[in-house]
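What follows is a set of notes on a single structure, which appears directly below.
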Amino acid sequence: VHSYTTIHTLRVVMRLPLSNDNKMFQLYDIITYPVYDASLKVWTQWEVGTQKLLISKDRLMYSMYNQLEFDRECRGEQLIVCPLSNVLLSVSKRPNCAVEMFHYEQVRLCGRKLISGLRSPVLVKTPSRWIYSASEEHRLTLNCLTSDGTLNITSAVVKGVGEFRGIDMCDVVSEEFKVPARIHGSSVFSEQISEIVFPNVEEIYTSEEKELFSSEQETAVKVLQGLNERLGTLGVKEYRPEDVVRHLKSHILFGRKLYAAKVAAAGSFGLVSTLMLVYMCYRFVMPVMAWWSSRRNRRRQRRSATLTEVFAKVRGLTSLDSPEGDQEGVNPGEINDVEQNVEAVEVVNLERLRDVIQAL
56 VHSYTTIHTL RVVMRLPLSN DNKMFQLYDI ITYPVYDASL KVWTQWEVGT
106 QKLLISKDRL MYSMYNQLEF DRECRGEQLI VCPLSNVLLS VSKRPNCAVE
156 MFHYEQVRLC GRKLISGLRS PVLVKTPSRW IYSASEEHRL TLNCLTSDGT
206 LNITSAVVKG VGEFRGIDMC DVVSEEFKVP ARIHGSSVFS EQISEIVFPN
256 VEEIYTSEEK ELFSSEQETA VKVLQGLNER LGTLGVKEYR PEDVVRHLKS
306 HILFGRKLYA AKVAAAGSFG LVSTLMLVYM CYRFVMPVMA WWSSRRNRRR
356 QRRSATLTEV FAKVRGLTSL DSPEGDQEGV NPGEINDVEQ NVEAVEVVNL
406 ERLRDVIQAL
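For what it's worth, this note's numbering labels the leading residue of the sequence shown as 56, then goes sequentially.
As structure tokens, this is what we get:
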């Protein structure tokens, strides 16, 4: 509003903004909340910041305001139209984290963090309602006042991520917390709050991280426990997924090297043990084999000598009994004695021959 005077009049000039769809922007408060990952037993959360997103109705241009800028330009007076003084950026050409999360399914420009030590459920306050994120089922009691002042008590079970809707006149009570009804407080909202928009984004993990965490789930849990121990006695511990992946890969590589070293050590030990066993067997078996071979040779020699002796005696007896032998000048009595001795020797030798043959 500007005013100036002339000689006879006072003139007031007012600039009235004309709004159209090209100049109308929607304002969004960016609120992030943790989500529980049951496989890794940690909470995951996007890191977006506390800026406000102004985006055109046609979703082509946007601008970012921090809380101080927004309070300075849009909270001083009861303005119907808030002047826009920041630069406008193209959604498709110059996206940032907030625009990417609001407009696209794949988010690559936002930071991420893993959190341990949070108590479930996690409650996040918005200008119009409460958002909850629970790692397990929680039973709540709703103490609601009806329009006629009657107390209506009901129960509800919450799990996962959601919002408390239509409970402005209800006390939400559980064993660990209580959310008072808004009529008991002094909160006043001057803005027109629309419904909460939950962006339809993909998982917080990349495809590589998801595959790695899925295939090495037990190892990933151990790595996270090790990181928790490094952070000491902090109640709530935060770390980035990139750091977890780096530690996990290092742990896997170390485990593979350790396994290879164990296999090599086991193989070397087995080879050395086998060689020692062969050597000991050689040192023990060779004398035994030599003794056994010598014993067999001695037995063969004794058998051979016995057979030779027997055969020689048999040939000798045969020669004595031959009619072609020279019997001139022999006394008949001596011949009889010799014949008797030969018969005795034949009997003895035949028995020894039979024993030898049976032994063979």
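All C-beta atoms in this analysis are idealised placements derived from N, C-alpha and C, irrespective of residue type, glycine included.
Span separating the alpha-carbon of residue i from that of residue j
| i | j | result |
| --- | --- | --- |
| S97 | V333 | Note that residue 97 is Val in the sequence shown, not Ser. The straight-line gap from Cα to Cα measures roughly 56 Å. |
| N214 | D92 | Note that residue 214 is Lys in the sequence shown, not Asn. Each residue's Cα considered, the two are about 13 Å apart. |
| T123 | Y314 | The sequence given here has Leu at residue 123, not Thr. Straight-line Cα distance between these residues: approximately 57 Å. |
| A211 | S111 | 38 Å |
| A189 | V318 | 45 Å |
| L144 | R295 | 29 Å |
| P254 | D203 | 38 Å |
| F80 | Y187 | 28 Å |
| K78 | F125 | 17 Å |
| E266 | E128 | 47 Å |
| L109 | M156 | 14 Å |
| T60 | V68 | 11 Å |
| V162 | C152 | 8 Å |
| M116 | L139 | 12 Å |
C-beta atoms of residue i and residue j nearer than 8 Å
| i | j | result |
| --- | --- | --- |
| E102 | C165 | yes |
| N283 | K292 | yes |
| Q100 | Y88 | yes |
| V154 | V142 | no |
| W185 | F232 | no |
| T197 | V227 | The sequence given here places Leu at residue 197; Thr does not occur at that position. Result yes, Cβ atoms of L197 and V227 sit closer than 8 Å. |
| L195 | S229 | yes |
| F339 | S94 | no |
| H193 | P176 | yes |
| T274 | L303 | yes |
| R167 | I259 | yes |
| V299 | L279 | yes |
Terminal residues of the beta strand (DSSP E) in which residue i lies
| i | result |
| --- | --- |
| V67 | L65 to V68 |
| V179 | V177 to K180 |
| A189 | W185 to L200 |
Closer than 7 Å: residue i CB and nearest the ligand GTP heavy atom
| i | result |
| --- | --- |
| V278 | Among the components modelled here there is no ligand, and therefore nothing to report on the ligand GTP. |
Beta-ladder partner(s) of residue i, from DSSP
| i | result |
| --- | --- |
| Y294 | L169 |
| C225 | C199 |
| S210 | T196 |
| Q81 | I110 |
| S58 | V67 |
| F219 | W185 |
Residue i: first and last residue of the uninterrupted alpha helix (DSSP H) it sits in
| i | result |
| --- | --- |
| F33 | The requested residue 33 is not part of the displayed model; the chain covers only 56 to 415. |
What are the start and end residues of each continuous beta strand (DSSP E) run of 3 or more residues lying completely inside the segment 261-320, in chain order? Within the segment 261-320, the complete beta strand (DSSP E) runs of at least 3 residues fall at 292-294.
For the segment 83-144, which segments carrying the alpha helix (DSSP H) assignment without a break, of at least 4 residues, lie completely within its bounds, in sequence order? The segment 83-144 contains these whole alpha helix (DSSP H) runs: 122-129.
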